[in-house]
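In my numbering, the protein residues as written are 13 to 296.
In structure tokens:
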């Protein structure tokens with residue numbers, strides 16, 4: 013697996029962003045880039061490219077969020093106002109690594125700012141600080157940071173090497189994937205793997221191996237990938253959550269993909285990369 017394991021293409025400039033003068037100067041940089049974003053969406057051109065532009069006008073810390081530096085250029089995001097927006101899911105496979113990281117970060121930050129205007133401790137108004145990375149309460153002084161929800165995503169194989177894929181009722185016809193679920197309070201990632209897979213397909217697991225992780229802003233998750241071996245092949249699907257599931261050999265899945273019987277998640281997703289690694293014999 014090599015999903016999101018390399019160093020980030022987006023330098024988040026942790027050591028500089030606490031200085032509001034430096035952030036303001038970065039906004040005024042002629043090379044600075046502004047990315048309009050919406051609710052899990054980004055502004056696009058008619059050909060589907062990111063509709064980035066210059067950072068014109070005065071810097072407003074409540075509207076302009078510093079994402080970081082990409083190849084020496086400051087990148088900012090702002091909540092879109094009238095731009096042509098496209099759902100992030102529909103275009104993310106065509107984005108470069110820096111664009112994808114900027115889009116994931118920008119859409120998540122903008123949505124968080126829209127919903128974090130008041131302190132959850134004292135109720136006073138908050139204001140953006142650290143270039144939009146955080147908000148500070150004007151009453152009690154508490155600093156607030158965006159929330160990320162960890163979730164496990166698991167490639168389950170049986171003793172014969174087959175992969176279990178399933179689908180949820182809300183997915184497009186034919187879409188299948190590996191299984192995932194959120195980590196609960198007081199639970200380790202490995203415990204979440206055991207619990208979620210028992211709940212979704214009633215399987216006992218062994219040999220749990222970490223594969224990698226990926227941010228997933230739908231709405232604010234961190235997907236943590238694992239491989240696990242099923243101790244039995246008979247499974248029971250969770251009613252209302254799993255609409256169908258099936259064990260596949262490599263040849264069976266290739267044939268089902270070739271015929272159009274099934275489709276896989278987007279190329280950008282860790283789920284797709286896990287499945288492709290299994291198909292290539294490199295899942296681990």
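Glycine included, C-beta positions come from ideal geometry on N, C-alpha and C.
- In this structure residue 77 touches residue 125 by the C-beta definition: roughly 7 angstroms separates them, less than 8 angstroms.
- Residue pairing from DSSP places residue 87 in a beta bridge opposite 45 and 80.
- Contact annotation, residue 188 with residue 54: C-beta distance approximately 27 angstroms; criterion of less than 8 angstroms not satisfied.
- Between residue 46 and residue 57, the CB-CB gap reaches or exceeds 9 angstroms.
- Taking C-alpha positions only, residue 284 is separated from residue 278 by approximately 6 angstroms.
- Residue 259 carries a strand assignment under DSSP once its states are collapsed to helix, strand and coil.
- Counting the other CB atoms within 10 Å of its CB gives residue 194 a total below 16, which places it among the exposed residues.
- Bounds of the beta strand (DSSP E) holding residue 226 are 217 to 228.
- The beta-carbon distance between residue 295 and residue 167, rounded to whole angstroms, is 6 angstroms. This is short enough to meet the 8 angstroms contact definition.
- Cβ-Cβ distances below 7 angstroms link residue 116 to 227 and 229 in the same chain, with the five nearest sequence neighbours on each side left out; the list follows chain order.
- Counting every other CB atom within 10 Å of its CB across the protein chains shown gives residue 212 a total of 16 or more, marking it as buried.
- DSSP, reduced to helix, strand and coil, places residue 197 outside both helices and strands of the structure shown, so it counts as coil.
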